Each structure stands twice: as C-alpha cells, then as structure tokens.
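Peer 1: The number in this note's numbering is simply the position in the sequence shown, starting from 1, with 16 added.
C-beta: ideal position from N, C-alpha, C; glycine also.
From a predicted model like this one, the values you see are computed outputs, not experimental measurements.
Could you have a look at this structure, given as structure tokens, before my questions?
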Amino acid sequence: MSKALKQSMVKRAYRGASDLLTKGTKLSVRVPSESAITKKGGCMGMNWLQVPGDYEIGDERSHIAILIIGRGQVTVPKEDFAIKGTLKTENVGLEKVVANIISNPNIRFLIACGKEEFGHFPGSALIGLWKNGVDERMRIRCERAAIPYLCNLDHEAVERFRHQVELIDLIFPKNADEIIAYDPIYNFDQGRTEGLLEAIRKCKARDPGTFPGGPMVVLNQGLVQEGAQVGKQLNKLADTFVTSMLQMPSEKLSTSASLVVLSERFGVIYDPVDGTVSMTPSVEFAGRLKAYLRGEG
Numbered sequence: 017m018s019k020a021l022k023q024s025m026v027k028r029a030y031r032g033a034s035d036l037l038t039k040g041t042k043l044s045v046r047v048p049s050e051s052a053i054t055k056k057g058g059c060m061g062m063n064w065l066q067v068p069g070d071y072e073i074g075d076e077r078s079h080i081a082i083l084i085i086g087r088g089q090v091t092v093p094k095e096d097f098a099i100k101g102t103l104k105t106e107n108v109g110l111e112k113v114v115a116n117i118i119s120n121p122n123i124r125f126l127i128a129c130g131k132e133e134f135g136h137f138p139g140s141a142l143i144g145l146w147k148n149g150v151d152e153r154m155r156i157r158c159e160r161a162a163i164p165y166l167c168n169l170d171h172e173a174v175e176r177f178r179h180q181v182e183l184i185d186l187i188f189p190k191n192a193d194e195i196i197a198y199d200p201i202y203n204f205d206q207g208r209t210e211g212l213l214e215a216i217r218k219c220k221a222r223d224p225g226t227f228p229g230g231p232m233v234v235l236n237q238g239l240v241q242e243g244a245q246v247g248k249q250l251n252k253l254a255d256t257f258v259t260s261m262l263q264m265p266s267e268k269l270s271t272s273a274s275l276v277v278l279s280e281r282f283g284v285i286y287d288p289v290d291g292t293v294s295m296t297p298s299v300e301f302a303g304r305l306k307a308y309l310r311g312e313g
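Put into structure tokens, the structure is as follows:
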C-alpha cells in the first residue's frame, strides 16, 4: 500500500468523524492499522490527532507521557516525552488526558507527578481510573474526587487507556486537606525534578513496543473545545444552578426534574424547575453537575 493511500485512509476516517461530530454525536474512531508504519522506536507516519488542552508536544515516537497534577512547572527535554501537560479536574480534564494518550499508540508509560489538589482531587481520580476503571454510569471508582464522571468517553476508550499505559505514580503529597496548603503555581524543587528524571530514564530503558490496534480517536463537543472555554462554561453553569437553588422556596427546591436538551449539537439545555436556559460543553455532565450540587450524586 502506497504512503499516499495510507494518508488518504487516515484523512477519510478523521473527516467522517468530524462530520458526525457536527451533528452532536459522541464516538470513538479506530484509525486503520495500515495508516501507521511500524518501525523500531515507534509508530512512524502517524497523524496524531490531539484534543485541545494544557500541554506541550515533544517527540511523538516517545513511549512516555508526563502528567503534572495541579499547577506545577518543570522543564524536561522534549526528546524525553511524547506529551507533557497538567491535570486540574477529575472529569473533563481527565477525559482530555485519556483521549490524547489513546490516539497515540506509541505512548506506553504515563508518569504522574506533582501535588494532589484539594477539592477536585484529580490525582485520586487518575489512579482510581487506571486501577479500577469506571462503573456503568461512567463514574470513576476512586476515593476522594468530587464529580468523577467521564461523560465524554465510553467504556472502550477507558479500557484502551488502562491497557495501553503503565501508570508511574510520583504524586506526593496525596493528603491535600486544605485548599490554601499549596501555592497556585509552583516550580518543582530539586528532589521532585530528580525523581521525575530518574523515572524517565527507567522508562526509556524499557521497550514495550507500540500498542497494537492503531490510534483510537475520540471526538465530541466536550473534548474538542479549549480547556479554558470549557472551564468558563462549567463555572457559569454551576453558578446558575447554585443561584437558582438559593432563590427557590424550600418546597420547590425539593422538586427533581431532568434537564431538557434543546440542542445536543450546540449544548443548549433547559431546566424545567427554574425555567433557565444554559449552554454546556457536555449535556450529560451538566446533569451530573446539577445532581452533585443538590447532594444527589
């Protein structure tokens, strides 16, 4: 098969997925294995499709992904990783991490480092996801995370992630009990940096090979939006829910009704309890968020 034909196959797969995405469809696309030429050191000729997020790309042939929990900063040579980014939330943020890893079958090690964050507890969610997976509601089986639902992924994507990578856990401390315990942004100290570099050296000394099956690309409205935009929409949605509940009489507050989807494509929902119309990056997650704020989830 010619190189031009292989590239054409990949483009058709992505284009078809994009067409479905505009209709509001959640889907996983497994790019044909013929689209990747396997060579020693990684999967060459691959079009790595990443969803937006807070990360930098290094050598896409590398077997290593580095994930900093919270707002830590550290400099690592780009040849030592395929992708290096941060994780601040246990739901949409973690979904983006999963999506960007399973779309590159070269990545076989995920080094998680930094400090656990109070409130969201994204480190707990990550470890729970890798060790225990999710339940039938796509809720991560973990101990502390607040709203650990992966509404923009499916079980197949989660299991692919769990089998594709080995998690190297360098997160410490894990007992984040106060939101004021850590600076919003911090640089890795010498000990933390040396621990990360040592983990990188050990991973590079191993050669697990490329994960079989080719890239798995997950596309939907909740994943393709920029992280900052998603955060703003969810914060605004939470404010709307909370303000509405604070203004409700007690008898109305006890009323429970499902959100009505006005537009799946544009993420427009209607709350029949208070009559508000809102926008959300994920219709399903909006329902989970409302249930959590009401003490139901």
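(1) Looking only at its chain, what residues have a beta carbon closer than 8 Å to the beta carbon of Asn148, apart from the 5 residues adjacent to it on each side?
(2) Pull up the CB-CB distance for Val113 and Leu65, whole angstroms please, since I reckon it's below 8 Å.
(3) For a test of the three-state rule: what should DSSP assign to Cys158, helix, strand or coil?
(4) Can you tell me the Cα-Cα spacing of Ala128 and Arg176, whole angstroms?
(5) My output table needs one value for Glu175: the three-state DSSP class, helix, strand or coil.
(6) Around the C-beta of Gln180, are 16 or more other C-beta atoms found within 10 angstroms, so that it is buried, or is it exposed?
(7) Taking the alpha carbon of Ile118 as the reference point, which residue from Thr209, Ala221, Val67 and Asp223 has its own alpha carbon closest?
(8) What is the C-beta distance between Lys100 and Tyr71, in whole angstroms, given that I count them as a contact (C-beta under 8 Å)?
(9) Distance check for Arg124 and His142, CA to CA, integer angstroms please.
(10) By the three-class DSSP mapping on this structure, what secondary structure does Leu169 have?
(11) Excluding the 5 residues preceding and the 5 following Leu315 in the sequence, name in chain order all residues of the same chain whose CB lies nearer than 7 Å to its CB.
(12) Within its chain, find whatever has a CB closer than 6 Å to the CB of Gln89; leave out the 5 residues flanking it on each side and keep chain order.
Peer 2: In terms of the structure at hand:
(1) By one-based count along the sequence shown, residue 148 stands at place 132. Excluding sequence neighbours, Asn148 sits near Ile156, Arg157 and Cys158.
(2) Position 97 of the sequence shown holds residue 113. Position 49 of the sequence shown holds residue 65. That pair is no contact at about 15 Å.
(3) Counted from its first residue, the sequence shown places residue 158 at position 142. If DSSP states are grouped into helix, strand and coil, Cys158 belongs with coil.
(4) On the sequence shown, position 112 is the one that residue 128 refers to. On the sequence shown, position 160 is the one that residue 176 refers to. Computed Cα separation, rounded: 18 Å.
(5) As a working note, residue 175 is residue 159 in the sequence shown. Note: Glu175 maps to helix in three-state DSSP.
(6) Mapped onto the sequence shown, residue 180 falls at position 164. Flag for Gln180 reads buried.
(7) Counting from one through the sequence shown, the residue named residue 118 turns up at place 102. It is Val67 whose Cα lies nearest to the Cα of Ile118.
(8) Here residue 100 corresponds to residue number 84 of the sequence shown, with the count starting at 1. Here residue 71 corresponds to residue number 55 of the sequence shown, with the count starting at 1. Yes, they are in contact, since the Cβ atoms of Lys100 and Tyr71 sit about 6 Å apart, within 8 Å.
(9) As a first step, residue 142 is located in the sequence shown; it is residue number 126 there, counting from the start. As a first step, residue 124 is located in the sequence shown; it is residue number 108 there, counting from the start. Note that residue 142 is Leu in the sequence shown, not His. Leu142 and Arg124: Cα-Cα distance of roughly 16 Å.
(10) Translated into positions along the sequence shown, residue 169 becomes position 153. Coil, per DSSP.
(11) Only positions 17 to 313 of the chain appear in the structure, and residue 315 is not among them; the question remains open.
(12) Working through the sequence shown from its first residue, we reach residue 89 at position 73. So the list reads Asn203, once near-sequence residues are dropped.
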